[in-house]
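Numbered by the working numbering, the letters in the sequence shown go through residues 31 to 305 in order.
Okay, structure first, notes after.
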Amino acid sequence: MFPDGPVFPPELETEVFTLAAYENRADIPRLRLVARRTCEWLERSFYESIKLACGHSDNHRLISIRDALHSKPPGFTAQIVRHASVQATRPNAGAQLWPLLLLCPGLTHLALNINSVAGIPSEDILSRLPNIRRIVVIPDELFCRTHQLADFYVSGFFNHLTHFTFLPSGQKLISERAAAFICALPAMTHLAIHHTNATRWAPDFLAQCPALRVLCLIAWTDRVGHVPEVLARIDLSVDPRLCVAGYRTWNEGASLHERCFWDVADECIAARKAG
Numbered sequence: 031m032f033p034d035g036p037v038f039p040p041e042l043e044t045e046v047f048t049l050a051a052y053e054n055r056a057d058i059p060r061l062r063l064v065a066r067r068t069c070e071w072l073e074r075s076f077y078e079s080i081k082l083a084c085g086h087s088d089n090h091r092l093i094s095i096r097d098a099l100h101s102k103p104p105g106f107t108a109q110i111v112r113h114a115s116v117q118a119t120r121p122n123a124g125a126q127l128w129p130l131l132l133l134c135p136g137l138t139h140l141a142l143n144i145n146s147v148a149g150i151p152s153e154d155i156l157s158r159l160p161n162i163r164r165i166v167v168i169p170d171e172l173f174c175r176t177h178q179l180a181d182f183y184v185s186g187f188f189n190h191l192t193h194f195t196f197l198p199s200g201q202k203l204i205s206e207r208a209a210a211f212i213c214a215l216p217a218m219t220h221l222a223i224h225h226t227n228a229t230r231w232a233p234d235f236l237a238q239c240p241a242l243r244v245l246c247l248i249a250w251t252d253r254v255g256h257v258p259e260v261l262a263r264i265d266l267s268v269d270p271r272l273c274v275a276g277y278r279t280w281n282e283g284a285s286l287h288e289r290c291f292w293d294v295a296d297e298c299i300a301a302r303k304a305g
């Protein structure tokens with residue numbers, strides 16, 4: 031049994047528990063049970079990042095998350111939730127998922143793995159998430175609808191996007207439509223694409239993306255060794271903005287606090303500039 035009163039100075043205890051929560055989010059529910067004060071300290075950490083999954087076996091968890099979000103006072107989720115990872119395979123799953131995202135207009139990091147069967151988010155939904163800075167998109171069906179790409183720009187959803195990870199499903203080639211959209215993103219400084227798209231698209235992205243500082247060719251961590259073979263076939267392989275990194279999970283590019291391949295890429299580019 032843990033004492034209900036503080037053992038160490040409150041500032042130190044708060045720091046210890048917060049660091050432990052960031053180190054492994056799976057421990058947060060247990061850490062919140064230590065004492066009433068730790069539950070209060072970790073309230074922000076607990077809700078700062080949410081995972082929304084809607085497959086054939088995820089309904090109970092999704093209902094729990096929905097009830098937890100709705101139990102909070104008005105404005106809580108808007109101020110606290112900063113990261114969401116959304117994965118859906120069930121038909122019309124979007125009808126359950128998008129209302130939950132709209133409770134979190136302060137989102138800055140978003141990972142989307144959802145197809146047209148589940149329901150692609152509309153421009154109206156995206157327009158109410160104006161603060162996205164980092165996004166992962168799987169697959170490229172987001173760009174395959176019949177509307178004009180201009181609708182996305184009007185929504186304002188991508189106006190402040192700086193880090194874009196684009197991973198078409200099945201490692202297929204990025205479409206012309208998606209590439210045109212990527213090249214027009216006004217604030218994007220970091221772009222990650224699967225290394226199998228490098229030969230076709232890396233030269234175009236390096237030449238046409240207006241603010242690009244880093245183009246990261248990514249592969250699963252156990253496949254990174256094969257990427258230099260791809261680089262050898264690209265005339266612009268000496269471009270200092272081009273680098274290679276491995277990823278461990280599909281949504282890593284939208285990580286909020288965890289170290290990810292973006293950190294590796296930034297360190298690589300910085301070291302190259304330093305000589």
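Quick reminder that beta carbons are idealized off the backbone N, C-alpha and C, glycines included.
Sequence-distant Cβ neighbours of E78 in its own chain, meaning closer than 8 Å and more than five residues away, are I110, V111, R112, H113 and L286.
With contacts defined as CB atoms closer than 8 Å, A217 and H190 qualify as a contacting pair. For I155, the CB contacts under 6 Å within the same chain, skipping 5 residues up- and downstream, are W128 in chain order. A straight line joining the alpha-carbon of C239 with that of D269 spans about 14 Å. Per DSSP, V294 is one residue of the alpha helix (DSSP H) stretching across F291 to A304. For the region 78-161, the full-length beta strand (DSSP E) segments reaching 3 residues or more read 79-84, 113-118 and 139-144 along the chain.
Beta-bridge partners of I165 (DSSP): L140 and F194.
C-alpha of R96 to C-alpha of P233: approximately 44 Å in a straight line. With a threshold of 16 other beta carbon atoms within 10 Å, R164 meets it and is buried. Our two residues, A284 and H139, have alpha carbons roughly 5 Å apart in a direct line.
Per DSSP, W280 lies in no alpha helix (DSSP H) and is assigned neither H nor E. With fewer than 16 other CB atoms across the displayed protein chains lying within 10 angstroms of its CB, S146 is exposed.
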